[in-house]
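Input: a single structure, listed below in structure tokens.
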Amino acid sequence: MSANISDSNSVTEGEGTVDVDTAVQLKKTIAVVHVREKRNFSQMFLKYVASYQQLSLREQLLLLGMMTLFAVFLYGLIRWLPMQVDLQEQTERLQRHNKQLRSLSVPSVVNESSSSLQRKLEQEEWALARLQNELEGVANRWLHLDDKAALQSLKLDISSLALRTGLEVVVNKPVDVEKLALPSDHANPHLNAASRLIHEYERPGVQYEMQGSYPSLLTFFNGLNELPNQVSLGQFDITVVDLRTESGRQTLNISLTLVL
Numbered sequence: 046m047s048a049n050i051s052d053s054n055s056v057t058e059g060e061g062t063v064d065v066d067t068a069v070q071l072k073k074t075i076a077v078v079h080v081r082e083k084r085n086f087s088q089m090f091l092k093y094v095a096s097y098q099q100l101s102l103r104e105q106l107l108l109l110g111m112m113t114l115f116a117v118f119l120y121g122l123i124r125w126l127p128m129q130v131d132l133q134e135q136t137e138r139l140q141r142h143n144k145q146l147r148s149l150s151v152p153s154v155v156n157e158s159s160s161s162l163q164r165k166l167e168q169e170e171w172a173l174a175r176l177q178n179e180l181e182g183v184a185n186r187w188l189h190l191d192d193k194a195a196l197q198s199l200k201l202d203i204s205s206l207a208l209r210t211g212l213e214v215v216v217n218k219p220v221d222v223e224k225l226a227l228p229s230d231h232a233n234p235h236l237n238a239a240s241r242l243i244h245e246y247e248r249p250g251v252q253y254e255m256q257g258s259y260p261s262l263l264t265f266f267n268g269l270n271e272l273p274n275q276v277s278l279g280q281f282d283i284t285v286v287d288l289r290t291e292s293g294r295q296t297l298n299i300s301l302t303l304v305l
């Protein structure tokens, strides 16, 4: 709210005009009222002090005790209400938790004799030993990666097998696979174990592009099992070519990746 003071000793506020003398008189009146209020408060305080001093020592102590009890009651009321609300919430939460616990059911335990459990354990141990023997047999057929001469010999055996079965090898190139980094000990334990197995048993791959008939391809696949080392099929794709051989068989474009 703005006020404009003009040369005619008047103060303009909004749409009305107040004389300067009137404004000064109003300020003086407000100051006098404030002084009177302070004086009345002081007189009232002095009156209470005088009344308190007129009391006997026993009455003074009793009054102080009552005021102390009243202050403690107010403080306790202020602190008690929030604590009571929090206690009620915790009680309700505990009741809900107890209700959930009462609704839980413990699964029944199958009553089996020790002899039955022992037979099951023996069966599982036998199955585990059999699986380990099979895995050892497969692992022994894998080519040792450090033996470069054996690796080259296996590639020649695969090419010779393709020629014997009637497949023409068009492309023969190694598959570039980026070796996985060894996982850290802080990784997920389940993923960590799987990553370590993959890192340990990574194998080289060879990509072949061939042409031939379907019976020749089946014979080639059967011949892979007769090689001295383990060879697995990693990727396989066939495209039919629109031409037939003299025997009437359709020619296939074959793309496959072998894991050595």
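Sequential numbering of the sequence shown, starting at 46, is according to our numbering.
Glycine included, every Cβ here is placed at the ideal spot set by N, Cα and C.
Pairs of beta-carbons, one from the stretch 199-209 and one from the stretch 261-281, closer than 8 angstroms: are there three or more? In short, these stretches touch, since the Cβ pair count reaches three.
When you compare the CB positions of serine 305 and serine 261, do they come within less than 7 angstroms of one another, or not? On the sequence shown, position 260 is the one that residue 305 refers to. On the sequence shown, position 216 is the one that residue 261 refers to. Going by the sequence as given, residue 305 is leucine instead of serine. For leucine 305 and serine 261, no; Cβs fall outside 7 angstroms.
For the pair the stretch 248-255 and the stretch 296-303, tell me if three or more CB-CB distances fall below 8 angstroms. Enough Cβ pairs lie closer than 8 angstroms, so yes.
DSSP three-state assignment for asparagine 217, whether helix, strand or coil: Position 172 of the sequence shown, counting from 1, holds the residue named residue 217. Three-state result, asparagine 217: strand.
Could you tell me the distance, in whole angstroms, from the CA atom of glutamine 88 to the CA atom of arginine 81? Stepping through the sequence shown from its first residue, residue 88 is reached at position 43. Stepping through the sequence shown from its first residue, residue 81 is reached at position 36. Rounded to whole angstroms, glutamine 88 to arginine 81 spans 10 angstroms at the Cα level.
Hey, could you find the ends of the beta strand (DSSP E) glutamine 252 is sitting in? What you label residue 252 is simply residue 207 of the sequence shown in a count that begins at 1. Glutamine 252 -> beta strand (DSSP E) spans 250-257.
Helix, strand or coil for glutamine 280, going by three-state DSSP, please let me know. Numbered from 1 along the sequence shown, position 235 holds the residue referred to as residue 280. DSSP places glutamine 280 in strand when its eight states are reduced to three.
What are the boundary residues of the alpha helix (DSSP H) that serine 101 is part of? Residue 101 sits at position 56 when you count from the first residue of the sequence shown. Under the DSSP assignment, serine 101 falls outside any alpha helix (DSSP H); it carries neither an H nor an E label.
Return the CA-CA distance between proline 127 and arginine 138, expressed in angstroms with no decimal places. Stepping through the sequence shown from its first residue, residue 127 is reached at position 82. Stepping through the sequence shown from its first residue, residue 138 is reached at position 93. Each residue's Cα considered, the two are about 17 angstroms apart.
Classify alanine 207 as buried or exposed, calling it buried when 16 or more other Cβ atoms lie within 10 Å of its own Cβ. Here residue 207 corresponds to residue number 162 of the sequence shown, with the count starting at 1. Buried, by the Cβ-count rule.
Using the three-state DSSP reduction, which class does serine 300 fall into: helix, strand or coil? What you label residue 300 is simply residue 255 of the sequence shown in a count that begins at 1. Strand at serine 300.
Residue environment, isoleucine 299, which counts as buried when at least 16 other CB atoms sit within 10 Å: The residue labelled residue 299 in the question sits at position 254 within the sequence shown. Per the 10 Å Cβ criterion, buried.
In three-state terms, what does DSSP make of glutamine 275? Numbered from 1 along the sequence shown, position 230 holds the residue referred to as residue 275. In the three-state scheme derived from DSSP, where H, G and I count as helix and E and B as strand, glutamine 275 is classed as coil.
Roughly how many angstroms lie between the CA atoms of threonine 284 and leucine 297, to the nearest whole one? Here the question's residue 284 lines up with position 239 in the sequence shown. Here the question's residue 297 lines up with position 252 in the sequence shown. For threonine 284 and leucine 297, the distance between alpha carbons rounds to 6 angstroms.
Using the beta-carbon count (16 or more within 10 Å), is threonine 67 buried or exposed? Here residue 67 refers to the residue found at position 22 when the sequence shown is read from its first residue. Label assigned to threonine 67: exposed.
Have a look at leucine 149 and leucine 132 and give me their C-alpha separation to the nearest angstrom. As a first step, residue 149 must be located in the sequence shown, where it is residue number 104. As a first step, residue 132 must be located in the sequence shown, where it is residue number 87. Leucine 132 has its alpha-carbon roughly 26 angstroms from the corresponding atom of leucine 149.
What does DSSP give as the partner residue(s) for valine 285 in the beta ladder? Taking the sequence shown and counting its residues from 1, the one referred to as residue 285 is at position 240. As computed with DSSP, valine 285 is found in a beta bridge with Leu297.
Buried or exposed by the 16-neighbour rule on C-beta atoms within 10 Å, applied to glycine 257: Stepping through the sequence shown from its first residue, residue 257 is reached at position 212. The Cβ neighbour count for glycine 257, taken over all protein chains shown within 10 Å, is at least 16; the residue is labelled buried.
Rank Glu181, Phe265 and Ile203 by C-alpha distance to the C-alpha of asparagine 217 and give the top, closest one. On the sequence shown, residue 217 is found 172 positions in, with the first residue counted as 1. Measuring from the Cα of asparagine 217, the nearest candidate turns out to be Ile203.
For threonine 210, count the other beta carbons within 10 Å of its own beta carbon; 16 or more makes it buried, fewer makes it exposed. Which is it? Here residue 210 corresponds to residue number 165 of the sequence shown, with the count starting at 1. Buried, by the Cβ-count rule.
In chain order, what residues of the same chain have a beta carbon less than 7 angstroms from the beta carbon of arginine 186, not counting five sequence neighbours either side? Taking the sequence shown and counting its residues from 1, one reaches residue 186 at position 141. So the qualifying residues of the chain are Asn274 and Gln275.
Can you grab the Cα-Cα spacing for the pair tyrosine 180 / glutamate 170, in whole Å? On the sequence shown, residue 180 is found 135 positions in, with the first residue counted as 1. On the sequence shown, residue 170 is found 125 positions in, with the first residue counted as 1. The displayed chain sequence assigns leucine, not tyrosine, to residue 180. Spanning the two alpha carbons is a distance of roughly 15 angstroms.
Beta-carbon proximity list for histidine 189, same chain, < 7 angstroms, skipping 5 on both sides: The sequence position of residue 189 within the sequence shown is 144, counting from 1. Only residues of its own chain outside the window of five on either side were considered, and among them Ala195 have a CB closer than 7 angstroms to the CB of histidine 189, listed in chain order.
Which value, in whole angstroms, describes the spacing of the CA atoms of lysine 165 and alanine 184? Translated into positions along the sequence shown, residue 165 becomes position 120. Translated into positions along the sequence shown, residue 184 becomes position 139. Annotation: lysine 165 to alanine 184 spans about 28 angstroms, alpha carbon to alpha carbon.
Per-residue DSSP class, three states only, for leucine 305: Position 260 of the sequence shown, counting from 1, holds the residue named residue 305. Here leucine 305 sits in coil by DSSP.
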